[in-house]
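Colleague: Per UniProt numbering, the very first residue in the sequence shown carries number 1; after that it's consecutive. Just dropping this structure here.
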Amino acid sequence: MHYAQPLLREAGFLADAMAQEMPLQQRRWLGLQMLEGDIYSRAYAGEAAQNLDTSLARLKDEMDDPALHIADARYQCIAAICDVVSNTLTAEPSRFTRAVDKIILNRFLGLPIFLFVMYLMFLLAINIGGALQPLFDAGSVAIFIHGIQWIGYTLHFPDWLTIFLAQGLGGGINTVLPLVPQIGMMYLFLSFLEDSGYMARAAFVMDRLMQALGLPGKSFVPLIVGFGCNVPSVMGARTLDAPRERLMTIMMAPFMSCGARLVAPFMSCGASARLAIFAVFAAAFFGQNGALAVFSLYVLGIVMAVLTGLMLKHTIMRGEASPFVMELPVYHVPHIKSLIIQTWQRLKGFVLRAGKVIIIVSIFLSAFNSFSLSGKIVDNINDSALASVSRVITPVFKPIGVHEDNWQATVGLFTGAMAKEVVVGTLNTLYTAENIQDEAFNPADFHLGDELLGAVDDTWQSLKDTFSLSVLANPIEASKGDGEMATGAMGVMDQKFGSAAAAYSYLIFVLLYVPCISVMGAIARESSRG
Numbered sequence: 001m002h003y004a005q006p007l008l009r010e011a012g013f014l015a016d017a018m019a020q021e022m023p024l025q026q027r028r029w030l031g032l033q034m035l036e037g038d039i040y041s042r043a044y045a046g047e048a049a050q051n052l053d054t055s056l057a058r059l060k061d062e063m064d065d066p067a068l069h070i071a072d073a074r075y076q077c078i079a080a081i082c083d084v085v086s087n088t089l090t091a092e093p094s095r096f097t098r099a100v101d102k103i104i105l106n107r108f109l110g111l112p113i114f115l116f117v118m119y120l121m122f123l124l125a126i127n128i129g130g131a132l133q134p135l136f137d138a139g140s141v142a143i144f145i146h147g148i149q150w151i152g153y154t155l156h157f158p159d160w161l162t163i164f165l166a167q168g169l170g171g172g173i174n175t176v177l178p179l180v181p182q183i184g185m186m187y188l189f190l191s192f193l194e195d196s197g198y199m200a201r202a203a204f205v206m207d208r209l210m211q212a213l214g215l216p217g218k219s220f221v222p223l224i225v226g227f228g229c230n231v232p233s234v235m236g237a238r239t240l241d242a243p244r245e246r247l248m249t250i251m252m253a254p255f256m257s258c259g260a261r262l263v264a265p266f267m268s269c270g271a272s273a274r275l276a277i278f279a280v281f282a283a284a285f286f287g288q289n290g291a292l293a294v295f296s297l298y299v300l301g302i303v304m305a306v307l308t309g310l311m312l313k314h315t316i317m318r319g320e321a322s323p324f325v326m327e328l329p330v331y332h333v334p335h336i337k338s339l340i341i342q343t344w345q346r347l348k349g350f351v352l353r354a355g356k357v358i359i360i361v362s363i364f365l366s367a368f369n370s371f372s373l374s375g376k377i378v379d380n381i382n383d384s385a386l387a388s389v390s391r392v393i394t395p396v397f398k399p400i401g402v403h404e405d406n407w408q409a410t411v412g413l414f415t416g417a418m419a420k421e422v423v424v425g426t427l428n429t430l431y432t433a434e435n436i437q438d439e440a441f442n443p444a445d446f447h448l449g450d451e452l453l454g455a456v457d458d459t460w461q462s463l464k465d466t467f468s469l470s471v472l473a474n475p476i477e478a479s480k481g482d483g484e485m486a487t488g489a490m491g492v493m494d495q496k497f498g499s500a501a502a503a504y505s506y507l508i509f510v511l512l513y514v515p516c517i518s519v520m521g522a523i524a525r526e527s528s529r530g
């Protein structure tokens with residue numbers, strides 16, 4: 001740092017008057033701070049503060065304002081450092097960026113390319129994430145369900161305590177862990193799109209459509225975030241300038257199919273969430289058309305968001321969109337470390353947030369599904385307190401394909417109001433309980449090592465199947481695996497709904513009915529902002 005000579009002279013004069021126990025460099029720094037006008041430095045200067053007026057009077061004859069000269073010296077030092085350690089990029093985009101943008105930003109090709117990219121994200125989340133699911137699914141069953149049951153029987157726990165720990169706590173954990181591979185792959189893909197520069201162009205591509213709704217193109221950015229979670233999507237609307245634009249975007253956001261709807265496409269012992277909901281049903285009911293069924297629900301959500309925007313534009317929120325100006329970054333290959341950090345932060349937040357709700361709901365369901373209204377442990381879950389209450393409500397949902405004996409689907413709709421990822425967790429818990437109610441756990445047959453090795457073997461086989469050519473034709477059918485799921489929870493679900501039409505009606509209702517509690521809370525907060 002190069003200060004003017006008069007400043008150094010007076011700073012040294014003030015430093016000599018300070019306590020000598022203080023290092024010289026620190027005393028000179030305090031002297032400069034005092035000359036600059038920092039009132040707090042006087043408390044540490046001691047007797048030197050009495051000499052400040054004398055120093056300032058001498059400097060007045062040599063320079064106008066000492067504070068300006070001190071600041072100028074610091075800025076010169078900063079500029080010199082920046083010249084050495086930084087490179088200034090030309091504002092002209094690279095030849096590669098210009099060439100790609102001619103295709104990506106084409107008025108006719110831009111939207112189809114965007115839809116293809118979204119489908120590609122869906123395909124990768126389903127297949128690569130799904131291939132890893134047996135490790136999380138069967139592994140968590142072995143440790144947290146069968147393992148806890150083995151401990152309970154070995155130590156002679158009361159039946160109610162074993163049920164509480166194994167089916168409630170263990171079942172809840174088993175519902176959460178299978179979310180990790182699929183939601184992680186989806187967040188990794190979104191992070192790649194954001195860091196590579198494509199996501200900014202997606203907003204530009206959608207500008208024309210958004211202008212037709214009376215919204216600027218940048219309002220599409222928070223809507224895109226809704227594919228991960230609707231809460232940050234609603235909160236992201238605060239970046240818009242006009243209150244009208246913010247409110248319209250907030251009202252459209254819940255129709256975007258969040259990651260909770262997209263997490264676990266197939267289920268043997270536990271899976272959850274809104275792709276979870278969509279894809280589990282697709283695997284059970286739609287066969288070779290499974291991928292198309294799930295993608296159609298995503299498109300339907302976008303269409304409903306667009307219709308909501310049009311309705312608001314022509315009724316209570318009339319007006320024109322503000323101009324959309326956005327700097328498009330150059331394309332580049334994202335850093336792996338950055339992608340991993342972003343994915344980990346998002347995944348951890350989602351799992352912790354969803355896990356707390358899922359585990360609590362799982363414990364609640366296990367308790368009410370194991371006892372009758374009189375408080376006795378039941379042998380048949382259809383005699384449980386939960387079944388008795390749910391059968392009274394179920395006829396209300398008959399128009400969407402939910403029959404009276406399918407009371408589990410009714411419970412799923414109510415628990416889904418707390419968090420969408422709980423819907424499939426609820427169905428998994430209840431359908432699995434009905435499927436295994438006649439099977440008794442035998443501690444002598446439990447071998448933790450064998451079950452974990454089986455999970456690893458299933459994962460390896462699933463990975464090999466995933467990278468076969470059939471995965472490109474239909475990701476859900478390719479991920480469906482062998483026929484054992486038909487005899488498990490998915491087999492019970494197939495029997496309960498009875499037809500693909502009934503299942504699809506249920507999925508549409510899940511797509512369009514009330515958002516989860518956290519989203520409604522975000523809507524209430526953000527809509528009240530000025």
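Glycine residues also receive a C-beta, built at the ideal position from the N, C-alpha and C atoms. Just so you know, these numbers come straight off a predicted model, no measurement behind them.
1) Where proline 158 and glycine 152 are concerned, what is the direct C-alpha to C-alpha distance, given to the nearest angstrom?
2) Across which residues does DSSP place phenylalanine 350 in a beta bridge pair?
3) Mapping DSSP to helix, strand and coil, what is phenylalanine 509?
4) Going straight from the alpha carbon of valine 294 to that of valine 303, what length do you get?
5) Roughly how many angstroms lie between the CA atoms of alanine 202 and glutamine 211, to the nearest whole one?
6) Just checking my contact of glycine 301 with leucine 215 at CB under 8 Å: how many whole Å lie between their CB atoms?
7) Quick one: complete alpha helix (DSSP H) runs, 4+ long, within the segment 129-180?
8) Mapping the DSSP letters down to three states, classify phenylalanine 368 as helix, strand or coil.
9) By the three-class DSSP mapping on this structure, what secondary structure does isoleucine 103 have?
10) May I ask which residues mark the beginning and end of the alpha helix (DSSP H) holding lysine 60?
11) Please report the distance separating the alpha-carbon of serine 366 from that of leucine 373.
12) Roughly how many angstroms separate the alpha carbons of glycine 168 and phenylalanine 364, rounded to a whole number?
13) Are there 16 or more other CB atoms within 10 angstroms of the CB of residue 565, so buried, or fewer, so exposed?
14) Apart from the five residues just before and just after tyrosine 418, which ones in its own chain have a Cβ nearer than 8 Å to its Cβ?
15) List the endpoints of the continuous alpha helix (DSSP H) containing isoleucine 517.
16) Pairing CB atoms from the segment 177-185 with CB atoms from the segment 323-332, are three or more of them under 8 Å?
17) Note down the Cα distance separating alanine 15 from arginine 74, rounded to an integer number of angstroms.
18) What number of angstroms, rounded off, separates the C-alpha of alanine 522 from the C-alpha of aspartate 458?
19) Taking contact to mean 3 or more Cβ pairs, one atom from each stretch, closer than 8 Å, check whether the segment 128-137 and the segment 192-208 are in contact.
20) May I ask you to list the residues that DSSP assigns as paired with isoleucine 377?
21) Among Ala142, Ala455 and Gly12, which has the Cα closest to the Cα of arginine 28?
22) What separation, rounded to the nearest whole angstrom, lies between the Cα atoms of asparagine 51 and tyrosine 40?
23) Out of curiosity, what's the CA-to-CA distance linking threonine 54 and alanine 79?
24) Below 6 Å CB to CB, which residues in the same chain sit around arginine 525 once its five sequence neighbours on both sides are set aside?
25) In the structure shown, what three-state DSSP assignment does tyrosine 75 receive?
26) Can you tell me which of Val205, Asn87 and Asp72 puts its alpha carbon nearest to the alpha carbon of histidine 2?
27) Can you check which of these residues, Leu111, Trp460, Pro6 and Val422, is closest to phenylalanine 220 by C-alpha distance?
28) How many angstroms separate the CA atom of methionine 252 from the CA atom of glycine 416?
29) Looking only at its chain, what residues have a beta carbon closer than 7 Å to the beta carbon of glycine 454, apart from the 5 residues adjacent to it on each side?
30) Classify glutamine 20 as buried or exposed, calling it buried when 16 or more other Cβ atoms lie within 10 Å of its own Cβ.
31) Leaving out five residues on either side along the sequence, give the residues of the same chain with a beta carbon under 8 Å from the beta carbon of isoleucine 145.
32) State the DSSP-derived secondary structure class of glutamate 36, mapped to helix, strand or coil.
33) How is the alpha helix (DSSP H) around aspartate 207 delimited, first residue to last?
34) Helix, strand or coil for lysine 356 per DSSP?
35) Determine the DSSP secondary structure at glutamine 20, reduced to helix, strand or coil.
36) Considering only their Cβ atoms, is the gap separating threonine 394 from asparagine 382 smaller than 8 Å?
Modeller: So, from the data block:
1) 8 Å
2) DSSP, once it has assigned bridges, lists no residue as partnering phenylalanine 350.
3) helix
4) 14 Å
5) 14 Å
6) Contact doesn't hold; Cβ gap of about 17 Å is too wide.
7) 147-154, 159-163 and 171-176
8) helix
9) helix
10) It spans 52-60 - the alpha helix (DSSP H) in which lysine 60 sits, taken as one unbroken run.
11) 14 Å
12) Linking glycine 168 to phenylalanine 364 through their CA atoms gives a straight-line distance of about 7 Å.
13) Outside the displayed range of the chain (1 to 530) lies residue 565, so it cannot be described from this structure.
14) At residue 418 the sequence reads methionine, which differs from the tyrosine that was named. Within the same chain, methionine 418 has close Cβ partners Val357, Val361, Cys516 and Ile517.
15) For isoleucine 517, the enclosing alpha helix (DSSP H) covers residues 517-527.
16) Touching, no.
17) Going by the C-alpha atoms only, they are around 20 Å apart.
18) 40 Å
19) no
20) Phe371.
21) Gly12
22) 16 Å
23) 33 Å
24) Closer than 6 Å at Cβ, skipping near neighbours: no residue.
25) Of the three classes helix, strand and coil, the one that applies to tyrosine 75 here is helix, per DSSP.
26) Asp72
27) Leu111
28) 19 Å
29) Ala138
30) Glutamine 20 should be labelled exposed.
31) Ala166, Gln167, Gly170, Gly171, Asn174 and Cys269
32) helix
33) 207-212
34) Helix.
35) coil
36) no
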